[in-house]
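Structure, as structure tokens:
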Amino acid sequence: MENSLYIGLSRQMTLRTAMDLVSNNIANINTPGYRAQNPLFQEYVVDPKGQKDPLSFAYDYAQYDSTQPGTQTFTGNKFDVALDGPGFMGVQTVDGIRYTRAGNLTINNTGQLVTAAGFVVSAAGGGGAINIPTDAREIDITDTGQIIADGNAVGQIMVQEFDNLQSLSPEGNGLYNSAEGGRAATETKVKQGMIEGSNVNGVVEMTRMIEILRSYQSAQRLIQSEHDRQKDAVSRLGRVN
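For the sequence shown, position 95 matches number 97 in the numbering used here, and the numbering has no gaps at all.
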């Protein structure tokens, strides 16, 4: 296989990665707290033996999340919260503490504050669960995440901030992991009765999808053209012999 085919195939591989991310963004356009993901590409240059010019391939080596917050919408639900600032809420998983911006919270059957996906919201400080009295009639959540049930403080939502948001690794279900760890929030306020929506721009993502599809088709035509050229060359060589 000649070099032009390798180049065309490497182009298609990177475009497939880009298409996967765009498709995932569109699928999560209505997911609370979701942040659009984008691929990072890099050039890989090799110097084949016996050839005058080096070869250049593109490959995807990472992805990054848009840090632009989504639009906040008033719901009036006493357990819904939106984070106004760069912070993330801590939640408990089987793999340890993870972080999310999805603030559509609720109470499970044991009275624990949980996310819509069922993850227990971590309390500030110790990281334990926050238990809401089942007979509580009035729930207030302060801008620091303190939860007050019928005038009594029952816990505080863990809100963490990070020096580098790109150090957060997405793990699905709106969760992020951080190898570096965070610190108690100082620039983030908790807003009760609000939800932060996805920051995905549907028009932008659909435009990107069309551009990726056209680029993929162009690369396919290049590969097919080179394949036909090789096939024709072999056929001509056979007739000469």
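Backbone N, C-alpha and C fix where the C-beta goes; we use that ideal spot for every residue, glycine too.
MET21 is not a Cβ neighbour of MET160, given a cutoff of 8 Å. In the DSSP assignment, THR108 forms a beta bridge with VAL116.
Under DSSP, the beta-bridge partners assigned to LYS193 are ALA84. Take ASP82, set aside five residues on each side of it, and the residues of its chain with a beta-carbon closer than 8 Å to its own are GLY105, ASN106, LEU107, GLN194, GLY195, MET196 and ILE197, in chain order.
Here SER68 really is in contact with ALA38; their C-beta atoms are around 4 Å apart, less than 8 Å. Residue environment analysis places ALA186 among the exposed positions, since fewer than 16 neighbouring C-beta atoms fall within 10 angstroms of its C-beta. Beta-bridge pairing by DSSP links ALA151 to ILE141 and ASN154.
Excluding five sequence positions before and after ASN27, the CB atoms of its chain that fall closer than 7 Å to its own CB belong to ALA38, GLN39, VAL202 and GLU207, given in chain order.
When the beta-carbon positions are compared, LEU170 and TYR101 come within less than 8 Å of each other. Closest by C-alpha distance to SER180, out of GLN168, GLY174, THR188 and LYS191, is GLN168. A distance below 8 Å separates the beta carbons of SER200 and ILE31. Per DSSP, reduced to three states, the secondary structure at GLN94 is strand.
Excluding residues up to 5 positions away in sequence, ASN40, LEU42 and GLN168 lie with their Cβ nearer than 7 Å to the Cβ of TYR66 in the same chain. About 6 Å separates the CB atoms of GLN14 and TYR218; that is less than 8 Å, so the two are in contact. DSSP lists LEU177 as the beta-bridge partner residues of GLY174. When the Cα atoms are used, PRO172 and ALA138 turn out to be separated by approximately 35 Å. With 16 or more other Cβ atoms from the protein chains shown falling within 10 Å of its own Cβ, ALA84 counts as buried. Going by DSSP, GLU163 is part of the beta strand (DSSP E) stretching over 161-163.
Taking C-alpha positions only, GLY98 is separated from GLU163 by approximately 17 Å. The closest CA to that of SER12, considering only GLY157, ALA126, VAL122 and GLN222, is found on GLN222. Ranking ALA125, PRO88, ASN110 and GLY127 by CA distance to the CA of ALA119 puts ASN110 first. Residues of the same chain with a CB within less than 6 Å of the CB of ILE141, apart from the 5 flanking positions on each side, are LYS80 and ALA151 in chain order.
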